[in-house]
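Report on one structure; see the data block that follows.
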Amino acid sequence: MTEKELKFPGQGIDERINIFLRRHPLSFLGFGLIGLAMIILPLIVFIIMINSGFLVLDSSADSLDYQLAVVIATGYLLFCLGLMLVAWVNYYLDIYIITDRRIIDVNQEGLFSRSLSAIDLVDVEDVKANVQGFLCTFFNYGDVFVQTAGEARNIDFPHVPNPYAVAREIMDSHEEAVRIQARERGRKPEKKHPLPELGSTAPERKPQPIP
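Under the working numbering, the very last position in the sequence shown is 212; numbers go up by exactly one each time.
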């Protein structure tokens, strides 16, 4: 699906999507590795303790120790998988949209909460891109900061791909929106029945003969 075919809630009838962004997949890598470590390391420690004889566990199905160990291990595994699921949902549903009119930031907060904020392109005052670190430089992803004028809130795009290209596209869209707004403000409405201008002579009306 191309960006032109994408739709989002609240989109205008003729509003066109220029850029649709998510955070770079590597921004999820750190939490993914932590989640895997939380699952694998306790399993390794448990196996070492069993093999060394430090922990003696009756492996029969009727043993209370065995049943308790299964319940604890299952609960811990579900807990780790739940944390990873929440982190993935937050990563995947955090989206940034730049249209020909607005900049929209959709922020997923947990599984069941979402916030949306938007600013008009004409309110954009400055756009900056920042790339720091080896991974960010090598894989070309970083942060984009959008500063607005007046009381409109600023918007940040963390860890997005091609941040310099995104910043340039935002500024180009801002300049185009300003030109369109200036053109619309300078357009004068047409009058169906124009009145004579001040100082001009109104056409004389010839008196009609009385029958």
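Yeah, the Cβ is synthetic: ideal placement off N, Cα and C, and Gly gets one too.
Query	Result
Run the CB neighbour count on V71, radius 10 Å, all protein chains shown included, and call it buried at 16 or more, exposed below.	exposed
In terms of alpha-carbon separation, which member of L42, R180 and N131 lies closest to Y165?	N131
Quick test of your reading: D95 and R23, contact by CB under 8 Å. State the CB separation rounded to the nearest angstrom.	7 Å
DSSP three-state call for I105: helix, strand or coil?	strand
Nearest chain B C-beta to I73 closer than 8 Å, yes or no?	No chain B appears in the structure shown, which is made up of a single protein chain.
Assuming T149 and E126 form a contact by the criterion Cβ under 8 Å, report the distance between their Cβ atoms to the nearest whole angstrom.	6 Å
Tell me which same chain residues have a C-beta within less than 6 Å of the C-beta of N1, skipping the five on either side of it?	Any property of residue 1 remains undetermined from this structure, which presents the chain solely from 2 to 212.
Between S116 and the rest of its own chain, which residues show a CB-CB distance below 6 Å, the 5 nearest in sequence each way excluded?	N108
Excluding the 5 residues preceding and the 5 following L158 in the sequence, name in chain order all residues of the same chain whose CB lies nearer than 6 Å to its CB.	A small correction: the amino acid at residue 158 is Phe; Leu does not occupy that position in the sequence shown. Y97 and V145.
Would the beta-carbon of V123 fall within 8 Å of that of A168?	no
Return helix, strand or coil for N163, following the three-state DSSP convention.	coil
Quick check on DSSP: helix, strand or coil for A148?	The residue you asked about is not Ala; residue 148 is Gln in the sequence shown. Three-state result, Q148: strand.
Rounded to the nearest angstrom, how far is the Cβ of S114 from that of D106, given a contact under 8 Å?	Incorrect: roughly 15 Å between the Cβ atoms, too far for contact.
Under the criterion of a Cβ to heavy atom distance below 7 Å, does R115 qualify as lining the ligand SAM?	Inclusion of the ligand SAM in the displayed structure is not the case, the ligand content being empty and no account of it being possible.
Identify every residue that forms a DSSP beta bridge with T138.	For T138, which the question treats as bridged, DSSP gives no partner whatsoever.
So the candidates are Y142, I49, L84 and I120; which of them puts its Cα closest to the Cα of H25?	Y142
Provide the residue span of the alpha helix (DSSP H) that contains I51, from first to last.	L30 to N52
Does DSSP classify V128 as helix, strand or coil?	strand
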